[in-house]
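So the structure is just underneath, and the comments pick up after that.
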Amino acid sequence: ACGLMWFRRDLRAHDNAALFHALKGCRQLHCVFVFDRAILDALPRRDRRVEFIRESLVALDAELRALAGQAGAGLIVRHATAAAEIPALAQALGAQAVFANHDYEPQAAERDARVRGALAEAGIALHTSKDQAVFERDELLTQAGKPYAVFTPYKNAWLGKVDAFYLKPYPVQRYGAALAPRPEGQRAGVPTLQALGFESTNLAELRMPTGAGGGQALAADFLERIDRYHETRDFPAVKGPSYLSVHLRFGTVSIRHLAGAAHRLAAEGSHGAAVWLGELIWRDFYFQILHHFPHVAQRSFKPGYDAIRWEHGKHADALFQAWCEGCTGYPLVDAAMAQLNQTGYMHNRLRMVVASFLCKDLGIDWRRGERYFAEHLNDYDLAANNGGWQWASSSGCDAQPWFRIFNPVSQSQKFDADGRFIRRYLPQLGRLPAGALHAPWLAMPVELAAAGVALGDSYPRPVVQHDAARAQTLARYAVVRKTL
Ligand code: FAD
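Reminder that position 372 of the sequence shown reads as 416 in this note's numbering, one-by-one numbering, no gaps.
Given below as structure tokens:
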């Protein structure tokens with residue numbers, strides 16, 4: 045039989061569930077990736093993710109050729125609308141089946157349903173597999189048969205069920221010979237960014253490793269320091285986390301490989317590994333929340349929270365703009381937003397701080413922040429991002445209680461005590477002593493002058509006063525009390 049493997053957010057040719065099933069089931073397998081116009085057309089012309097994907101496809105193409113053991117094999121790359129292109133290509137190639145991995149985002153599910161329908165009309169099957177998560181959809185349910193909406197019991201159920209079966213790699217390499225030579229008329233190679241209508245970004249400057257090789261290198265580096273993860277992960281100036289999120293997002297690493305390694309090390313007594321495994325479980329948790337409660341993509345998980353009246357109008361727009369640009373006058377918030385704007389990454393602690401600041405200091409709807417993150421994060425993932433924003437705004441399942449409001453100054457003192465992170469991203473404050481760096485408006489005028497800081501000029505004054513904002517937020521959130 046002839047088949048077509050459709051790569052989406054699983055850009056690797058090792059330990060890939062759909063690729064394994066496809067190779068096993070087909071005598072001749074073609075592989076395709078579609079730069080989907082339905083997604084790309086809406087993006088700004090400079091987007092690190094498009095560049096990351098393109099580079100990762102070059103690596104995937106090489107990985108596939110190596111797997112096939114022949115130079116003529118490799119990836120077909122198209123720039124088209126995937127929902128129309130996949131059925132057309134499958135027919136043109138004479139494929140009897142198309143293979144892909146599950147995607148839990150509502151728009152992707154809709155696209156896949158359309159592709160399935162079009163393929164069925166042509167008598168072609170669509171086989172999909174679980175690959176992105178360890179457990180998905182209905183694999184973990186409460187005793188009452190309902191989806192989990194609280195993390196700790198979900199995590200316990202996850203840990204109770206997981207075993208070698210769920211974590212073992214798919215031995216794709218055994219079946220590489222089924223990879224077909226690229227058909228006549230299919231141009232070799234991955235299109236350039238320019239051919240896709242995009243310009244290059246600062247990805248190379250950031251030295252962000254791409255492709256499966258990059259993912260493996262980062263994973264190997266992290267596994268060396270995983271034992272200290274629980275002590276280092278909250279400090280943005282420290283190399284504590286794995287930085288693997290973009291690779292998990294695009295599937296250039298295997299979740300089974302990472303969860304398997306963490307699970308094994310945790311069983312051997314590594315506390316750091318156990319804590320990190322917990323983060324991977326949060327990832328599965330939010331995938332299943334999005335699958336079971338797709339309304340979260342637009343509305344609060346807890347409906348009562350949609351009664352909150354957020355700030356609107358010119359003043360709110362100006363505050364939002366200040367937040368986006370990192371000009372709020374709160375150094376930790378501003379440094380975090382600078383990190384996002386300059387690199388497309390933001391440390392987890394800072395994501396919590398800036399999200400809380402937007403909703404609970406500026407009184408702005410979490411959905412506006414969610415959208416900004418969606419546009420700028422390299423690792424943007426609807427399930428995790430929505431989960432994070434709804435956690436911070438308290439509207440989500442198992443969220444931060446609504447009356448808990450981060451103090452942006454004490455968070456700064458606690459997690460960037462010597463100001464190393466702030467100084468890296470806000471060089472204009474670089475000469476302020478640590479004692480003055482977290483709240484420059486409280487610094488002595490001589491201190492500011494000696495450091496060359498002119499408040500309101502070289503660095504903004506705070507756009508809101510935290511204590512007053514806090515009181516306003518408690519009042520704003522009072523409407524939810526009735527719904528609890
Ligand atoms: P590590 O600390 O090394 O964690 C390892 C992996 O675990 C991550 O790569 C990620 O896949 C997963 N993970 C960690 N924390 C979470 C979490 N809370 N929820 C789900 N998965 C998690 N993560 C994204 O991948 N994409 C997003 O769009 C995203 N948006 C967020 C928005 C907000 C407001 C918040 C508070 C968190 C968000 N997160 C998101 C979760 C988390 O901040 C990032 O996964 C993490 O910072 C990525 O860095 P890392 O790979 O070095 O993390």
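Ideal Cβ placement from N, Cα and C applies to all residues, glycine included.
- Task: Figure out for me which residue from W446, S286 and A222 has the closest Cα to the Cα of I352.
- Result: Among W446, S286 and A222, the Cα nearest to that of I352 is on W446.
- Message: Given the structure, does H391 come close to the ligand FAD, in the sense that its CB is under 7 Å from one of the ligand's heavy atoms?
- Response: Taking the Cβ of H391 as the reference point, at least one heavy atom of the ligand FAD falls within a distance shorter than 7 Å.
- Message: Can you find the residues in the same chain that come closer than 6 Å, C-beta to C-beta, to G373, ignoring five residues on each side of it along the sequence?
- Response: Taken in chain order, the residues that qualify are P504, R505, P506 and V507.
- With a 10 Å radius around its C-beta and 16 neighbouring C-beta atoms as the bar for buried, classify P285 as buried or exposed. P285 should be labelled buried.
- Item | Beta-bridge partners of W485, as assigned by DSSP | The partner list for W485 (beta bridge, DSSP) is empty, contrary to what the question assumes.
- Nearest candidate by alpha-carbon position, reference A512, set A141, L406 and G500: It is L406 whose Cα lies nearest to the Cα of A512.
- Query: Cβ of D425 within 7 Å of any heavy atom in the ligand FAD?
  - Reply: It does: the Cβ of D425 is within 7 Å (strictly closer) of some heavy atom of the ligand FAD.
- Going by Cα to Cα distance, which pick from T125, A57, A436 and G304 is closest to N145? The shortest C-alpha to C-alpha distance from N145 to any of T125, A57, A436 and G304 is the one to A57.
- Is it true that the CB of A428 sits closer than 8 Å to the CB of G413? No, Cβ-Cβ distance for G413 and A428 is not below 8 Å.
- Message: Below 7 Å, is the gap between the Cβ of M381 and the nearest heavy atom of the ligand FAD?
- Response: Because no heavy atom of the ligand FAD lies under 7 Å away, the Cβ of M381 does not count as near it: no.
- Taking the alpha helix (DSSP H) that G161 falls in, what are its first and last residues? Segment P150 to E165, the alpha helix (DSSP H) holding G161.
- Query: Can you name the residues that DSSP bridges to C46?
  - Reply: Answer is Q72, bridged to C46.
- Please determine, among L262, M390, L302 and S289, the residue with the shortest C-alpha to C-alpha distance to F279. With distances taken between Cα atoms, F279 lies closest to M390.
- State the start and end residues of the unbroken beta strand (DSSP E) segment that holds N145. Per DSSP, N145 belongs to the beta strand (DSSP E) from A141 to N145.
- Query: By how many angstroms is the C-alpha of C368 removed from the C-alpha of V397?
  - Reply: Taking the straight line from one Cα to the other gives about 14 Å.
- Query: Where do the ends of the alpha helix (DSSP H) carrying H420 lie?
  - Reply: Residues W410 to H420.
- Run the CB neighbour count on F96, radius 10 Å, all protein chains shown included, and call it buried at 16 or more, exposed below. It counts as buried.
- Give a single yes or no on whether L267 has its beta carbon closer than 7 Å to a heavy atom of the ligand FAD. Not so, every heavy atom of the ligand FAD lies at least 7 Å from the Cβ.
- Message: Please tell me whether, using a cut-off of 7 Å, the distance from the CB of W446 to the nearest non-hydrogen atom of the ligand FAD is below it.
- Response: Taken from the Cβ of W446, every heavy atom of the ligand FAD lies 7 Å or farther away.
- Query: Regarding N145 and the ligand FAD, is the C-beta to nearest heavy atom distance less than 7 Å?
  - Reply: N145: no, Cβ never under 7 Å from the ligand FAD.
- Determine the direct distance from the alpha carbon of A132 to that of Y349, and round the result to whole angstroms. Roughly 45 Å between the two C-alpha positions.
- Neighbourhood of E99 by C-beta, 7 Å cutoff - its chain only, sequence neighbours within 5 removed: A distance below 7 Å between beta-carbons, with the five flanking residues on each side excluded, links E99 to the following residues of its chain, in chain order: T254 and G255.
- Task: Locate the beta strand (DSSP E) running through R90, then write down its first and last residues.
- Result: First-last for R90: undefined, no H or E at that position.
- Message: On the CB-based measure, 16 or more other CB atoms within 10 Å of its CB, does E312 come out buried or exposed?
- Response: With fewer than 16 Cβ atoms within 10 Å of its Cβ, E312 is classed as exposed.
- Environment of L101 [buried if 16+ CB atoms lie within 10 Å]: L101 sits buried, since 16 or more C-beta atoms from the chains shown fall within 10 Å of its C-beta.
- Could you round the C-beta distance between P375 and L292 to whole angstroms and report it? I think they count as a contact, below 8 Å. Contact between P375 and L292 does not hold, since the beta-carbon distance rounds to 30 Å and is not under 8 Å.
- Item | V377 to W410 span [Cα, whole Å] | Rounded to the nearest angstrom, the two C-alpha atoms are 16 Å apart.
- Quick one: Cα of Y469 to Cα of P213, how far? If I take the Cα positions, the gap works out to 40 Å.
- Item | Touch test, the region 83-92 against the region 239-250, Cβ-Cβ under 8 Å, three pairs minimum | Result yes; three or more Cβ-Cβ pairs closer than 8 Å.
- Query: Would the beta-carbon of S289 be found less than 7 Å away from any heavy atom of the ligand FAD?
  - Reply: Taken from the Cβ of S289, at least one heavy atom of the ligand FAD lies inside 7 Å.
- With DSSP run on the structure shown, which of helix, strand or coil describes T172? Correct three-state label for T172: strand.
- Alpha carbon to alpha carbon, what distance is there between T172 and A153? A153 and T172 have their C-alpha atoms spaced approximately 11 Å apart.
- Just to confirm, are F51 and H123 a CB contact at a threshold of 8 Å? Not in contact: F51 and H123 (Cβ atoms no closer than 8 Å).
- Message: Assuming Q135 and A45 are in contact, meaning their beta carbons sit under 8 Å apart, how far apart are those beta carbons, in whole angstroms?
- Response: 15 Å between Cβ atoms; not a contact.
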